[in-house]
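Q:
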Amino acid sequence: MDGDMTGRLGYLGLLIAVLGAWVIVEYRGRLGAAIRAGMAWALIFVAVLAGYGLWSDIRGELMPQQAVMQSGQIEIPRARDGHFYITLTIDGTPLQFMADTGATSVVLSQADAEKLGIDIDGLAYGGEARTANGIVRTSRVRLSDVTLGPITDNRLDAWVNEGPMDGSLLGMDYLRRYRIEIDGDKMILTR
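For the sequence shown, our numbering assigns the number 216 to the initial residue and increments by one for each residue that follows.
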């Protein structure tokens, strides 16, 4: 245990001791009231933890997602970080991509490639790409049954990046198949 952790544990212990002393003084002779107050605070704490844990599950319902309009256009809302995230279904597996009009190719992170059943250890990383993080090795793969809304493409060439990536990128190799329009906080794709 390092010094920083020891300091944090010491501070936490001191805080618990002060809080415990206050409870003893405040509720002296009223054990039932102390237990009720403790249970109320414990339930509040558990509710906050549950809400935090469920946030990733419910945020998709609270925040707008891409939508297919009656005209066949696909509207993608701008995320809080300023990017547009598009979910494609590839061979029945939904994957989220960041739309990157500055990227030429579709680039899969290793984690997303594994979700698609690609053996990343068996790939031949013979290509190279210049990225913001420097030069990385890549391996070409072919994706089939790529679906966005009502549109399915039978095949799409992509690259698996050997370097670390937070998520996959949807470059112009795919996006150029659509007419792209940015209207305020939404991207509209039309084919």
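Quick reminder that beta carbons are idealized off the backbone N, C-alpha and C, glycines included. A quick note: this is a predicted structure, and the numbers were derived from the prediction, not measured.
(1) What residues in its chain sit with their C-beta under 8 Å from that of Leu331, if we drop five residues either side in the sequence?
(2) What residues in its chain sit with their C-beta under 8 Å from that of Arg406, if we drop five residues either side in the sequence?
(3) Tell me Val375's beta-bridge partners as DSSP assigns them.
(4) Go through its chain and collect everything with a Cβ distance to Gly211's Cβ below 6 Å, but skip five positions before and after it.
(5) Applying the criterion that 16 or more other CB atoms from any shown protein chain within 10 Å of the CB defines a buried residue, is Asn376 buried or exposed?
(6) Could you check what DSSP says for Ala236 in three-state terms: helix, strand or coil?
(7) Less than 8 Å between the C-beta atoms of Asp398 and Pro292, yes or no?
(8) By how many angstroms is the C-alpha of Asp368 removed from the C-alpha of Leu404?
(9) Output yes or no for whether 8 Å exceeds the beta carbon distance between Leu424 and Thr319.
(10) Would you mind reading off the limits of the alpha helix (DSSP H) that contains Met387?
(11) Pull up the CB-CB distance for Ile335 and Ala328, whole angstroms please, since I reckon it's below 8 Å.
(12) Within the same chain, show all residues whose beta-carbon is closer than 7 Å to that of Val233, passing over the 5 residues directly before and after it, in chain order.
(13) Look at the alpha carbon of Met284 and the alpha carbon of Glu290, and state the distance between them as a whole number of angstroms.
(14) Go through the region 323–347 residue by residue and report every complete run of the beta strand (DSSP E) that reaches 3 residues or more, in order.
A: Working from what's here:
(1) Ile305, Asp306, Thr308, Leu310, Leu323 and Leu358
(2) Gly287, Ile366, Arg392, Tyr393 and Arg394
(3) Leu323 and Ser354
(4) With the chain covering only 216 through 406, there is no way to say anything about residue 211.
(5) buried
(6) helix
(7) no
(8) 15 Å
(9) Nothing can be reported for residue 424, as the shown portion of the chain is limited to 216 through 406.
(10) Met387 to Leu390
(11) 5 Å
(12) none
(13) 7 Å
(14) 342–346
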